[in-house]
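Numbers 20 to 326, taken from the working numbering, label the letters of the sequence shown in order. Don't be surprised by glycine CBs; every beta carbon is placed ideally from N, CA and C. Since the structure is predicted, the reported quantities are computational estimates derived from the model, not experimental observations.
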Amino acid sequence: MPSTSAPRIAVAPANAPSWFAEAVIAGGGEVVPVAEADALVWGAARDAAGLAQLLSETDHVKWVQLPWAGIENFAHLLDDERQWTCGKGVYAEPVAEMALTLALAGLRSIDRYARETSWSGQRGRNLLGANVTILGGGGITRSLVRLLAPFDCHITVVRRHVDEMDGVVSVVESERYLDALPGADLVVLALALTPETEGIISRNELEAMEDHACLVNVARGGHIVTDDLVWALTNGVIGSAGLDVTDPEPLPPDHPLWTLPNCIITPHVGNTAEMAVPLLSERISTNVRRWAAGEDLVGSVYTDLGY
Numbered sequence: 020m021p022s023t024s025a026p027r028i029a030v031a032p033a034n035a036p037s038w039f040a041e042a043v044i045a046g047g048g049e050v051v052p053v054a055e056a057d058a059l060v061w062g063a064a065r066d067a068a069g070l071a072q073l074l075s076e077t078d079h080v081k082w083v084q085l086p087w088a089g090i091e092n093f094a095h096l097l098d099d100e101r102q103w104t105c106g107k108g109v110y111a112e113p114v115a116e117m118a119l120t121l122a123l124a125g126l127r128s129i130d131r132y133a134r135e136t137s138w139s140g141q142r143g144r145n146l147l148g149a150n151v152t153i154l155g156g157g158g159i160t161r162s163l164v165r166l167l168a169p170f171d172c173h174i175t176v177v178r179r180h181v182d183e184m185d186g187v188v189s190v191v192e193s194e195r196y197l198d199a200l201p202g203a204d205l206v207v208l209a210l211a212l213t214p215e216t217e218g219i220i221s222r223n224e225l226e227a228m229e230d231h232a233c234l235v236n237v238a239r240g241g242h243i244v245t246d247d248l249v250w251a252l253t254n255g256v257i258g259s260a261g262l263d264v265t266d267p268e269p270l271p272p273d274h275p276l277w278t279l280p281n282c283i284i285t286p287h288v289g290n291t292a293e294m295a296v297p298l299l300s301e302r303i304s305t306n307v308r309r310w311a312a313g314e315d316l317v318g319s320v321y322t323d324l325g326y
């Protein structure tokens with residue numbers, strides 16, 4: 020039965036931005052100390068140790084809201100004693116927009132042109148009518164498929180569950196991801212980082228791609244074996260890469276990726292703080308309202324799968 024009183028929600032750590040608490044209040048919740056809370060909104064995306072310490076001191080917190088979509092930093096803390104939610108799907112629109120930006124830049128050789136110091140020759144390929152393979156079938160992919168609609172692309176999506184998707188010609192199960200790489204003009208990584216997907220793009224996969232293919236990564240840097248990507252870009256094994264995420268991250272100033280003319284690197288800005296605040300605030304408020312009403316929460320984490 021829904022509670023008749025405001026849900027008691029803690030916001031931690033102590034230095035969490037004030038808008039986390041404001042989002043809880045906007046959802047009808049009461050911000051209380053952890054010792055008095057039924058649920059917790061955690062506001063430090065990289066402080067897994069802090070969350071582990073806090074949870075070890077309490078067993079009465081029954082729901083934990085994590086801040087971002089990627090939860091690999093917290094995967095070892097997941098349990099079945101609590102409900103876990105994260106920001107999955109919240110940032111789909113801005114990240115899909117970044118994927119489209121990097122794809123167009125790579126296919127049209129903006130990476131090379133931007134480095135020129137004099138008038139140069141013609142190069143580049145169309146996104147119009149291109150073959151596109153997307154690894155991952157979540158919110159970013161759905162948004163990207165919609166953004167690609169005017170380009171009349173032939174889209175293949177690789178995902179864990181094979182279901183029909185609007186605007187997608189073919190959906191392939193995860194185990195067959197290598198089959199979806201040959202023939203693709205554009206390959207986009209938009210999947211969760213798990214032990215199964217770490218290093219999913221290595222020398223073997225890069226060799227399976229077309230020599231003109233553009234590889235875009237808006238997921239996590241760990242999906243790509245970086246040394247193998249440097250080799251592929253240097254030797255023309257693939258055409259170009261657009262990376263909003265890297266491994267390591269931040270990418271060191273002297274890393275060879277910075278100097279490759281067929282590589283564009285952006286500093287993990289597919290979703291900026293300015294974009295995130297209203298989007299995550301609404302997710303927190305929505306989930307506080309749902310928690311109070313006894314309804315299913317949005318962005319539930321699959322504790323067995325780690326995302």
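With a floor of 4 residues, list each alpha helix (DSSP H) that falls wholly inside the region 106-143, ordered by position along the chain.
111-126 and 129-132
Chain B within 8 Å of residue 306, Cβ atoms only:
Absent here is chain B; the protein component of the structure consists of one chain.
Measuring CB to CB, does residue 193 end up less than 8 Å from residue 177?
For the purposes of this step, residue 193 is identified with residue 174 of the sequence shown, where counting begins at 1. For the purposes of this step, residue 177 is identified with residue 158 of the sequence shown, where counting begins at 1. A contact, by the Cβ cut-off of 8 Å.
So, helix, strand or coil for residue 8, using DSSP?
The question about residue 8 has no answer here: the residues shown for the chain are numbered 20 through 326.
Measure how close the beta-carbons of residue 209 and residue 237 come, nearest whole angstrom, since I'm counting them as under 8 Å.
By 1-based counting over the sequence shown, the position of residue 209 is 190. By 1-based counting over the sequence shown, the position of residue 237 is 218. Between residue 237 and residue 209 the Cβ distance is about 6 Å, and since that is below 8 Å, they are a contact.
Cut-off 7 Å between Cβ atoms - residues of its own chain near residue 314, not counting five sequence neighbours on either side:
As a position in the sequence shown, residue 314 is number 295, starting the count at 1. For residue 314, where only same-chain residues beyond five positions count, there are no Cβ hits under 7 Å.
Can you tell me where the alpha helix (DSSP H) holding residue 150 begins and where it ends?
Taking the first residue of the sequence shown as position 1, residue 150 is located at position 131. From DSSP, residue 150 is part of no alpha helix (DSSP H) but of the beta strand (DSSP E) over 150-154.
Between which two residues does the beta strand (DSSP E) harbouring residue 254 extend?
Mapped onto the sequence shown, residue 254 falls at position 235. No beta strand (DSSP E) contains residue 254, which DSSP labels as neither H nor E.
For a test of the three-state rule: what should DSSP assign to residue 40, helix, strand or coil?
To locate residue 40, count along the sequence shown from 1; it is residue 21. In the structure shown, residue 40 sits in a helix (DSSP, three-state: H, G or I).
If you draw a straight line from the alpha carbon of residue 20 to that of residue 316, how long is it in whole angstroms?
Here residue 20 refers to the residue found at position 1 of the sequence shown. Here residue 316 refers to the residue found at position 297 of the sequence shown. Unreliable placement is indicated for residue 20, whose pLDDT of 41 sits below 50; no coordinate value is reported for it.
Can you tell me whether residue 95 is buried or exposed? The criterion is at least 16 other CB atoms within 10 Å of its CB, across all chains shown.
Sequence index remark: in the sequence shown, residue 95 carries index 76 (1-based). So residue 95 counts as exposed.
Complete alpha helix (DSSP H) runs within the region 206-266 (minimum length 4 residues, chain order):
222-227 and 245-253
Suppose the cutoff is 8 Å on Cβ atoms and the five residues either side in sequence are ignored; what does the same chain contact list for residue 168 look like?
On the sequence shown, position 149 is the one that residue 168 refers to. Same-chain partners within the cutoff: 186.
Tell me, which residues are paired with residue 50 by DSSP?
In the sequence shown, the residue the question calls residue 50 occupies position 31. DSSP output for residue 50 lists 28 as bridge partner(s).
Can you give me the Cβ contacts of residue 159 inside the same chain, cut-off strictly under 6 Å, excluding the 5 residues immediately before and after it?
Within the sequence shown, residue 159 is the residue found at index 140, counting from 1. Excluding positions up to five away in sequence, the list reads 111, 114, 115 and 209.
Quick check: the region 119-132 against the region 88-107, are at least 3 beta-carbon pairs closer than 8 Å?
no
So, is residue 259 buried or exposed, given that buried needs 16 or more other C-beta atoms within 10 angstroms?
Within the sequence shown, the letter at position 240 stands for residue 259. Flag for residue 259 reads buried.
Range covered by the beta strand (DSSP E) that runs through residue 175:
On the sequence shown, position 156 is the one that residue 175 refers to. Segment 173-178, the beta strand (DSSP E) holding residue 175.
Endpoints, alpha helix (DSSP H) assigned at residue 301:
Numbered from 1 along the sequence shown, position 282 holds the residue referred to as residue 301. Run containing residue 301: 292-312, per the alpha helix (DSSP H) assignment.
Would you call the region 43-52 in contact with the region 305-313, where contact means no fewer than 3 C-beta pairs closer than 8 Å?
yes
Supposed contact pair residue 152 and residue 206 - C-beta distance, whole angstroms, cut 8 Å
Here the question's residue 206 lines up with position 187 in the sequence shown. Here the question's residue 152 lines up with position 133 in the sequence shown. Yes, residue 206 and residue 152 are in contact; Cβ-Cβ is about 5 Å, under 8 Å.
For residue 199, which option in 32, 214 and 226 has the closest C-alpha, if you only look at C-alpha atoms?
Residue numbering aside, residue 199 sits at position 180 when the sequence shown is read from its first letter. Residue 226 is the option with its Cα nearest to residue 199.
If you count every other CB in all the chains shown that lies within 10 Å of the CB of residue 245, and 16 or more means buried, which is it?
For the purposes of this step, residue 245 is taken as residue 226 along the sequence shown, with counting starting at 1. Residue 245 comes out buried.
Check whether the Cβ atoms of residue 90 and residue 321 sit closer than 8 Å, and answer yes or no.
Translated into positions along the sequence shown, residue 90 becomes position 71. Translated into positions along the sequence shown, residue 321 becomes position 302. No.
Are the CB atoms of residue 256 and residue 230 within a distance shorter than 8 Å?
On the sequence shown, residue 230 is found 211 positions in, with the first residue counted as 1. On the sequence shown, residue 256 is found 237 positions in, with the first residue counted as 1. Yes.
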